[in-house]
Amino acid sequence: MARPLAIGDTILLEDNKRRRHMLTLSAEGEFHTHTGVLPHSLLIGKPEGTVARTTRGSKLTAFRPTLSEYILKMPRGAQVIYPKDLGPILMLADIFPGARVLESGVGSGALTMTLLRAVGASGSVLGYEIREDFAATARKNVEGFLGTDIPLEIEVRDIYEGIPAEGIDRIVLDLPEPWRVVEHAEQCLSPGGILLSYLPTIGQVGLLRERLEDSAFGMLESLEVLHRTWHVEGQSIRPDHRMVAHTGFLTHARLLAPIE
Ligand code: SAH
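In terms of the numbering used here, the sequence shown is numbered consecutively and its last residue is 1570.
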């Protein structure tokens, strides 16, 4: 944690308007803005939170990005799941250190990174992604934040055709037709295992619930997460005027034992 900023680190520079820029530090590198130039060498060896000045005197604060900051800045192929939903997904799907998690589709890898952090070195994440180019972008994104020594396997395959794996503790889906995964999930999940699905529209939630009602899963719940930020300035303390009103719905269910 206390490691000083070093060559090769991905960092965020925040300016006085709170705009953030992500870059990788290099010995000869320079950050150019309309308010001057900042040579990377002014940051190398300094602690996180260092405030440096550009050639024209404007201030930039340097930090290593948090996981949510990285997700919001990284290159995207597919639309990512936002931090507002990523945190609750970890709780609702009960992702624990050591868990073996199956994820599909992998998309840009935002959820993948979040799952990897929660399962830790003793767990594993198996990702199924139908598009080879997305699988490659996701791996690049994940490794850019977590490094290459991670318990992640990504397979290019269509999850609707089956899940040739077993002993899965948790399944997390971000796919258009998750109801087509239910029968495969019944086969590969361990008893008591959890299936969680993120879906943008309520019609999809209806179809998934209908399929789950008629399955080996029980304890069904669907919800949405509302996140409202507040404006705090002197006596003016109130909700912000704008908010992200909708991202997606979360549905989760638990695999029950067969009735004897
Ligand atoms: N959760 C991801 C984004 C996933 S976007 C993130 O946070 O970054 C949905 C992904 O599902 C897309 O990449 C798409 O290619 C993939 N996909 C769609 N249908 C699929 C299927 N049948 N099997 C595997 N992947 C699929």
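Ideal placement from N, C-alpha and C gives every residue a C-beta, glycine not left out.
Cα-Cα separation between residue i and residue j, rounded to whole angstroms
i        : j        : result
His-1331 : Pro-1568 : 53 angstroms
Leu-1485 : Thr-1511 : 12 angstroms
Phe-1455 : Glu-1570 : 47 angstroms
Leu-1462 : Ser-1434 : 6 angstroms
Ile-1321 : Leu-1517 : 43 angstroms
Trp-1540 : Ala-1337 : 40 angstroms
Ser-1414 : Pro-1501 : 20 angstroms
Gly-1359 : Glu-1496 : 48 angstroms
Glu-1379 : Arg-1552 : 20 angstroms
Ala-1563 : Phe-1373 : 39 angstroms
Leu-1426 : Tyr-1438 : 15 angstroms
Val-1515 : Val-1535 : 15 angstroms
Sequence-distant residues of the same chain with beta carbon closer than 6 angstroms to residue i, five excluded per side
i        : result
Thr-1365 : Gly-1346, Val-1347
Gly-1387 : Ser-1418, Phe-1444, Thr-1447
Glu-1340 : Val-1347, Pro-1349
Glu-1324 : Arg-1330, Thr-1371
Ala-1428 : Leu-1400, Ile-1405
Asp-1319 : Leu-1335
Met-1384 : Asn-1451
Start and end residues, beta strand (DSSP E) containing residue i
i        : result
Leu-1348 : 1346 to 1349
Asp-1325 : Taken as a continuous stretch (DSSP letters only), Asp-1325 belongs to no beta strand (DSSP E), as it is neither H nor E.
Arg-1548 : 1546 to 1549
Ser-1368 : Taken as a continuous stretch (DSSP letters only), Ser-1368 belongs to no beta strand (DSSP E), as it is neither H nor E.
Asp-1479 : 1478 to 1483
Range covered by the alpha helix (DSSP H) that runs through residue i
i        : result
Ala-1495 : 1492 to 1498
Pro-1393 : 1393 to 1402
Leu-1530 : No alpha helix (DSSP H) holds Leu-1530; the beta strand (DSSP E) holding it covers 1527 to 1534.
Where residue i falls: helix, strand or coil (DSSP)
i        : result
Pro-1488 : helix
Lys-1356 : coil
Met-1423 : helix
Phe-1455 : helix
Ile-1512 : helix
Ile-1381 : helix
Thr-1557 : coil
Phe-1341 : strand
Thr-1364 : coil
Thr-1376 : coil
Arg-1564 : strand
Thr-1447 : helix
Glu-1543 : strand
Ile-1317 : coil
Cβ-Cβ distance between residue i and residue j below 8 angstroms
i        : j        : result
Phe-1527 : Leu-1565 : yes
Met-1423 : Val-1452 : yes
Gly-1477 : Arg-1410 : yes
Leu-1370 : Leu-1396 : no
Ile-1391 : Tyr-1508 : yes
Pro-1398 : Leu-1560 : yes
Tyr-1470 : Val-1492 : no
Ala-1403 : Leu-1436 : no
Asp-1479 : Gly-1503 : yes
Leu-1333 : Ile-1317 : no
Gly-1430 : Gly-1457 : no
Leu-1572 : Ile-1473 : Residue 1572 lies beyond the stretch modelled for the chain, which goes from 1311 to 1570, so this question has no answer here.
Leu-1505 : Leu-1499 : yes
Leu-1533 : Arg-1519 : no
Neighbourhood of residue i by C-beta, 7 angstroms cutoff - its chain only, sequence neighbours within 5 removed
i        : result
Pro-1314 : Gly-1355, Lys-1356, Pro-1357
Asp-1468 : Ile-1440
Leu-1352 : Ala-1362
Proximity test, Cβ basis, 8 angstroms: residue i and chain D
i        : result
Ile-1399 : In the structure shown, chain D cannot be found, because there is only a single protein chain.
Sequence-distant residues of its chain with Cβ nearer than 8 angstroms to residue i (five each side left out)
i        : result
Arg-1449 : Gly-1419, Leu-1462, Ile-1464
Val-1554 : Tyr-1392, Lys-1394, His-1537
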